[in-house]
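To keep things clear, I will list the structure first and then write my remarks on it.
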Amino acid sequence: MNSREQAKALGLEEHITCSLCQDYLSDAVTLTGCLHFFCRSCLLQHLSSAGPDSRKCPKCKIELGNEHIYKRDLRLQELVYKLVPDLFWRQLRRVARRQHRSSRDSNNGSSTTTASFSERRIQQRRMLLQLSTQLCSPNENISLQIEYVPLTKVLAASGDDSLVSLSEKISATTENHKEEQQQNEDIGEEQIILIDQQQQIPSSSSSSSFPPQNICERTTTAIERQQKQYSFCRYFRCSAKVKIEQLKRLLESKLAMSDFYGVYFVDPQLKFVLEDDFSLEDVVQLFSWSRKSPLRLNFTLAQLPQKKMKIVKKF
Numbered sequence: 001m002n003s004r005e006q007a008k009a010l011g012l013e014e015h016i017t018c019s020l021c022q023d024y025l026s027d028a029v030t031l032t033g034c035l036h037f038f039c040r041s042c043l044l045q046h047l048s049s050a051g052p053d054s055r056k057c058p059k060c061k062i063e064l065g066n067e068h069i070y071k072r073d074l075r076l077q078e079l080v081y082k083l084v085p086d087l088f089w090r091q092l093r094r095v096a097r098r099q100h101r102s103s104r105d106s107n108n109g110s111s112t113t114t115a116s117f118s119e120r121r122i123q124q125r126r127m128l129l130q131l132s133t134q135l136c137s138p139n140e141n142i143s144l145q146i147e148y149v150p151l152t153k154v155l156a157a158s159g160d161d162s163l164v165s166l167s168e169k170i171s172a173t174t175e176n177h178k179e180e181q182q183q184n185e186d187i188g189e190e191q192i193i194l195i196d197q198q199q200q201i202p203s204s205s206s207s208s209s210f211p212p213q214n215i216c217e218r219t220t221t222a223i224e225r226q227q228k229q230y231s232f233c234r235y236f237r238c239s240a241k242v243k244i245e246q247l248k249r250l251l252e253s254k255l256a257m258s259d260f261y262g263v264y265f266v267d268p269q270l271k272f273v274l275e276d277d278f279s280l281e282d283v284v285q286l287f288s289w290s291r292k293s294p295l296r297l298n299f300t301l302a303q304l305p306q307k308k309m310k311i312v313k314k315f
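Next comes the structure, spelled out in structure tokens:
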């Protein structure tokens, strides 16, 4: 399903289409009197015509004033770009070509473009570039970084408000798993500290030949070594149409997952669980992507609730 068919299916095509050119809105403007929207170039062409209705709204024929007839509608244009990403990329290339031609004419000594016109083009290009971090073409290939995050870290970062939704998404046993893992980590840290104290704190008779070392540094080194042992980070390049469910199956095959644990993807702020039907395009629109580095996705492992086994007796 392409962008136009998707907009028709959602019933939004008439709300993002200009009634003058019958195409998607480009540089959308809204009339201050009746709140009807058009392309800026289409509206200016209508206002400059010599017809009797040139000073009326093309849609409802209401009389327009002489000042502040319309204003730019950036929110509406952003909605159009998000519903039809292909239009955004075409517009971005068009603005880049115009800026290239204007810079070439200025280098050749031509002064046909005014300073205000060039400033407006620069502002428009800056707005488009800023919006590009929130948009993604369905056919775009995305560089992806998938990294493992411990469950205790996810639950600690989610806060009290999101903890309920996380526990519902993962399982009711995540809290027990968190407490068990936290107890194991506390016991491990106490054992490391006790070992360091026995090895590093000498008696008073041998203090001159064996100077004490820093216990905290050795403890931190041991914890970092343990974290590296359980770290997982992989890089992929895939289409923006790939869904979270497909990435889950990929990880389950690479990690040789058992039936007792499940893979759950979370957002970069570790507050929400990503749904299985989310595509990478949806993730970019929700959480942005600057394209300066690979798109980072975090996942965690949670223990699934044990299913009750039916015992069949053979007679």
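Heads up: the sequence shown is residues 1 to 315, going by the UniProt record's numbering. Cβ coordinates follow ideal geometry from the N, Cα and C atoms, glycine included.
Query: According to DSSP, is Pro-212 part of a helix, a strand, or is it coil?; Result: A caution first: Pro-212 carries a pLDDT of 47, below 50, which makes its placement in the model too unreliable to give a value.
Query: Please determine, among Leu-144, Phe-260, Cys-136, Pro-58, the residue with the shortest C-alpha to C-alpha distance to Leu-44.; Result: Pro-58
Query: May I have the straight-line CA-CA distance separating Arg-40 from Ser-293, to the nearest angstrom?; Result: 35 Å
Query: When the Cα atoms are used, what is the spatial distance from Lys-61 to Leu-286?; Result: 39 Å
Query: Please classify Ala-302: does DSSP put it in a helix, a strand, or coil?; Result: strand
Query: Taking the alpha-carbon of Thr-32 as reference, which of Glu-140, Asp-73, Asn-298 has the nearest alpha-carbon?; Result: Asp-73
Query: Should Pro-85 be labelled buried (16 or more other beta-carbon atoms within 10 Å of its own) or exposed?; Result: buried
Query: Excluding sequence positions up to five away, which residues of its chain have a Cβ less than 7 Å from the Cβ of Ser-137?; Result: Pro-85, Asp-86, Trp-89, Ala-240
Query: Assign Asn-139 to buried or exposed, taking buried as 16 or more other Cβ atoms, counted over all protein chains shown, within 10 Å of its Cβ.; Result: exposed
Query: Identify whether Gln-77 lies in helix, strand or coil by the three-state DSSP scheme.; Result: helix
Query: Can you list, in chain order, the residues of its chain with a C-beta nearer than 8 Å to that of Cys-238? Leave out the 5 residues immediately preceding and following it.; Result: Asn-141, Ile-142, Leu-144, Leu-280
Query: Return the chain-ordered list of same chain residues with a C-beta closer than 7 Å to the C-beta of Val-242, the five sequence neighbours on each side being excluded.; Result: Ser-279, Leu-280
Query: Along the chain, which unbroken stretches of the alpha helix (DSSP H) at least 4 residues long are found entirely within the UniProt domain "RING-type" (18-61)?; Result: 40-47
Query: On the DSSP bridge list, what partners appear for Val-273?; Result: Val-266
Query: What are the partner residues of Ser-288, as DSSP defines its beta bridges?; Result: According to DSSP, Ser-288 bridges with nothing at all.
Query: When burial is assigned at 16 or more other CB atoms within 10 Å of the CB, is Leu-151 buried or exposed?; Result: buried
Query: With distances taken Cα to Cα, identify the nearest neighbour of Ile-16 among Gly-51, Lys-56, His-68, Lys-82.; Result: Lys-82
Query: If we count the other Cβ atoms within 10 Å of its Cβ and call it buried at 16 or more, is Cys-233 buried or exposed?; Result: exposed
Query: Per DSSP, which one or two residues make a beta bridge with Leu-280?; Result: Bridge partners of Leu-280: none, in fact.
Query: Would you report the Cα separation of Asn-298 and Asp-277, rounded to the nearest angstrom?; Result: 16 Å
Query: What would DSSP say about Ile-146, mapped onto helix, strand or coil?; Result: strand
Query: Applying the 10 Å Cβ sphere with the 16-neighbour rule, what's the burial state of residue 322?; Result: Lying outside 1 to 315, the shown extent of the chain, residue 322 is not represented and no answer is given.
Query: Give a yes or no on whether the C-beta atoms belonging to Leu-274 and Phe-265 are separated by under 7 Å.; Result: yes
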